[in-house]
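Note that UniProt numbering has the sequence shown beginning at 1, numbered continuously upward. For reference, the structure is listed below as structure tokens.
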Amino acid sequence: MSGGVRRADAERSGRTAGGERSGRSGKDGRPEQVPGEGARDGEGARRLRETAAEVFGWDELRPEQLTAMEWVLEGRDALVVMPTGSGKSAVYQVPGLLLSGPVVVVSPLLALQRDQIAGLPDGDRGPAAVAVNSDLTAAEEDAAWTAVREGEVHFLYLSPEQLAKDEVVDRLAEVDPALFVVDEAQCVSSWGHDFRPDYLRLAQAARRLGGPPVLALTATAAPPVRQDIVERLGMRDPRVLVTGFDRPNIRLEVRRHLEDAERRRLVVERAAAEPKPGIVYAATRKDSEFYAGELAALGLAAEAYHAGMRASERRRVHEAFLAGETDVVVATSAFGMGIDKEDVRFVLHAALPGSLDAYYQEVGRCGRDGKPALAVLHYRPEDTGMQAFFSGRRPSPDTVRKVVDAVHAHGDEPARLEDLRRETRMTRGRVTSTVNLLEEAGAVATDAAGTVRPVTGADPADAVHRATDRAEAHRRMERSRVDMARAFAETTGCRRRFLLGYFGEEYEAPCGTCDVCEAQEAGDGPAPADERPAHPDVGAYPIGAEVRHGEWGPGTVLSEEGDRITVLFEEVGYRTLSLDALAEKDDLLAVVGQGREEGSAA
1 MSGGVRRADA
11 ERSGRTAGGE
21 RSGRSGKDGR
31 PEQVPGEGAR
41 DGEGARRLRE
51 TAAEVFGWDE
61 LRPEQLTAME
71 WVLEGRDALV
81 VMPTGSGKSA
91 VYQVPGLLLS
101 GPVVVVSPLL
111 ALQRDQIAGL
121 PDGDRGPAAV
131 AVNSDLTAAE
141 EDAAWTAVRE
151 GEVHFLYLSP
161 EQLAKDEVVD
171 RLAEVDPALF
181 VVDEAQCVSS
191 WGHDFRPDYL
201 RLAQAARRLG
211 GPPVLALTAT
221 AAPPVRQDIV
231 ERLGMRDPRV
241 LVTGFDRPNI
251 RLEVRRHLED
261 AERRRLVVER
271 AAAEPKPGIV
281 YAATRKDSEF
291 YAGELAALGL
301 AAEAYHAGMR
311 ASERRRVHEA
321 FLAGETDVVV
331 ATSAFGMGID
341 KEDVRFVLHA
351 ALPGSLDAYY
361 QEVGRCGRDG
371 KPALAVLHYR
381 PEDTGMQAFF
391 SGRRPSPDTV
401 RKVVDAVHAH
411 GDEPARLEDL
421 RRETRMTRGR
431 VTSTVNLLEE
441 AGAVATDAAG
451 TVRPVTGADP
461 ADAVHRATDR
471 AEAHRRMERS
481 RVDMARAFAE
491 TTGCRRRFLL
501 GYFGEEYEAP
511 CGTCDVCEAQ
521 EAGDGPAPAD
531 ERPAHPDVGA
541 YPIGAEVRHG
551 EWGPGTVLSE
561 EGDRITVLFE
571 EVGYRTLSLD
581 ALAEKDDLLA
591 VVGQGREEGS
601 AA
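Structure, rendered in structure tokens:
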């Protein structure tokens, strides 16, 4: 329940925080050392272990969890990147009980907030949690704030939209939060696949709260996105911990189709045949209804889920799935963020997703119990056209001009976002995203209260031009993500290596658990790219190296596959470059730095 205070306590259960997965997966699949693992016998570590066991019933904490928890106890800002289902919430839950004030947890969806609170063990002696959101009546909201003010609440869950309200931030400032947690932190990065404009106001909110330590959590963030998170949240000398992205128990498969009718038939057949429960991701609301209807006609408990449904209906589908009452949920990307259900056996994509970030986040919702699970992407080359359409939806020059004019109309007086929304007759999200572009372009400035004013000397016409250029750069980035998703679907090499390389992680193919590697082991098909003789220039552009291209500017090397490297450029997004072409023109791409060490200040 969102409105009341939820208390937690647990019996000793012999569990490990975050399920059965353990260790950090690295090259060759072996655990890698995580910074700070040596300091395990101090007072802080002892208190963390005792709290984990006595309150949550976790007899063990994995080394990387304990490292991050110690950073929290020490009052450090920290960015923690762990795979879906690996126990990220434990990183703040356990040390949060040892801090002197409430822990603020910024969580993007109401369903995710409910799941996080429901995930706390029941009882009367442990941590108390409450969510303040639009689901509450006025009386429930007042009761929640009273509990927070009187020190009865350990964890307070809020959406970024709530933190955009002055009265909410003022109430929080009165209780002196001990920790500011940003869950799904990839949403703060304008280069990330899941960017949400309201997340950009979080750094200001944290400053108004007196600057408590900031803990950012995410499951999917390539190196440049991690740097963007650190900068956007105003993190101070942060520690950065990145565990391996690999989920070795999930088999990866791609099925390519020529005709849409054939694809639809095979998606339905596969979803019906695989062990349940499972999730099917569809590209549109109409498709989610179609597939759910086809599966229901076969006698399965299948439900559609998308943003066009009433909130009460979405909640019913969500809760029925968690309760094991549903065989298959067919959803758009609106479903799944934060789903904590261990026994999902498959995730099928009925069309190409908009990015590998979104794909891997969605795939990560199966197999959380460590048992074998299946991820199948059903792909047609024509899918890229739809995704390119979605990727192009950025503020137009006319939209930017309206916001610029509205800001300047206030003269020397700062404008509130609500004022701009009313004056431009735009949605709040559209106004916020446009203001963010203008701020990136140096045309407007926002203060800690979230009000907007023009930068002194800024020319309105020039502001529109610069902001439109930023919007175009974002569009190129999004389009490049679509291209990388297509390249994953069409690769002749190990899919796991390709996928992990996208996130900047080295992996030695073959994995043995993707359709390409299985076909090679069976003697079918040509030798994959990652098993061909090494190119003589392999190693000239190390993974993680900072580079500069003569035309595309600065970037970061993410992966190497055969005679090609993949680089994420700040201005044009992901590009795959031929080592032969680079050798012919040796001044085209220059290495300018070796990147940063994880576990140190980012």
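Using N, Cα and C, we set each Cβ at its ideal position, and we do this for glycine too. Here the structure is a predicted model, which is why all the values come from computation and not from measurement.
Item	Value
Measuring straight from C-alpha to C-alpha, what distance separates residue 48 and residue 503?	31 Å
Alpha helix (DSSP H) containing residue 43: first to last residue?	43 to 51
I need the boundaries of the alpha helix (DSSP H) containing residue 96, first residue and last residue.	90 to 96
Measuring CB atoms only, is the region 489 to 508 touching the region 248 to 261, in the sense that at least three cross pairs come out at less than 8 Å?	yes
Taking the alpha-carbon positions, what's the residue 519 to residue 434 distance?	48 Å
Check whether the Cβ atoms of residue 495 and residue 516 sit closer than 9 Å, and answer yes or no.	yes
Tell me the residue span of the beta strand (DSSP E) that contains residue 554.	553 to 561
Output yes or no for whether 9 Å exceeds the beta carbon distance between residue 221 and residue 105.	no
Count the other C-beta atoms from every protein chain shown that fall within 10 angstroms of the C-beta of residue 374, then say buried if there are 16 or more, exposed otherwise.	buried
Return helix, strand or coil for residue 363, following the three-state DSSP convention.	helix
Can you look up residue 588 in the DSSP assignment and give me helix, strand or coil?	coil
Which residue's Cα is closest to the Cα of residue 469: 189, 546, 481, 571?	571
Name the two residues that bound the continuous alpha helix (DSSP H) containing residue 229.	223 to 232
Indicate whether residue 335 and residue 376 have their beta-carbon atoms separated by less than 9 Å.	no
Is it buried or exposed, residue 149, if we count other Cβ atoms within 10 angstroms and call 16 or more buried?	exposed
Just to check my reading of the structure: residue 152 and residue 129 have Cβ atoms closer than 8 Å, yes? What is that Cβ distance to the nearest angstrom?	Going by Cβ atoms, the distance from residue 152 to residue 129 rounds to 11 Å, so no, they are not a contact pair.
With a CB to CB cut of under 7 Å and the five nearest residues on each side skipped, what residues in its chain are close to residue 451?	414, 415, 416
When you compare the region 131 to 144 with the region 198 to 206, are there three or more beta-carbon pairs, one atom per stretch, that lie closer than 8 Å?	no
Could you check whether residue 241 and residue 78 sit closer than 9 Å to each other, using their CB atoms as the reference points?	yes
Along the beta strand (DSSP E) that carries residue 128, what are the first and last residues, could you check?	128 to 131
Skipping 5 residues on each side, what residues in its chain have a beta carbon closer than 6 Å to that of residue 239?	71, 76, 78
Using a Cβ-Cβ cut-off of 7 Å (strictly less than) and excluding sequence neighbours within five positions of residue 226, which residues of its own chain qualify?	79, 81, 240, 602
Can you tell me which of the three DSSP states residue 434 falls into?	helix
Give a yes or no on contact between the region 49 to 60 and the region 201 to 215, applying the rule of three or more CB pairs nearer than 8 Å.	no
By DSSP, does residue 332 sit in helix, in strand, or in coil?	coil
Per DSSP, what kind of secondary structure is residue 447 in: helix, strand or coil?	coil
What number of angstroms, rounded off, separates the C-alpha of residue 42 from the C-alpha of residue 204?	35 Å
Determine, using beta-carbon pairs with one atom in the region 393 to 411 and one in the region 281 to 291, whether at least three such pairs fall under 8 Å.	no
For the beta strand (DSSP E) that residue 251 lies in, which residues bound it at each end?	250 to 256
Once you ignore the five residues that flank residue 392 on each side, which residues in its own chain have a CB closer than 6 Å to its CB?	Below a pLDDT of 50, predicted positions are generally treated as unreliable, and residue 392, at 49, falls in that range; the measurement from the model is reported next regardless. Closer than 6 Å at Cβ, skipping near neighbours: 475.
If you compare alpha carbons, which of 584, 453, 57 is closest to residue 405?	453
Using the three-state DSSP reduction, which class does residue 568 fall into: helix, strand or coil?	strand
Taking 9 Å as the threshold (C-beta atoms), are residue 444 and residue 431 in contact?	no
Would you check if the distance between the CB atom of residue 603 and the CB atom of residue 184 is smaller than 9 Å?	What the structure shows of the chain is the stretch from 1 to 602, and residue 603 is not part of that stretch, so it cannot be assessed.
Tell me the DSSP secondary structure of residue 107 in three-state form.	coil
If the criterion is Cβ atoms closer than 9 Å, does the pair residue 397 and residue 437 meet it?	no
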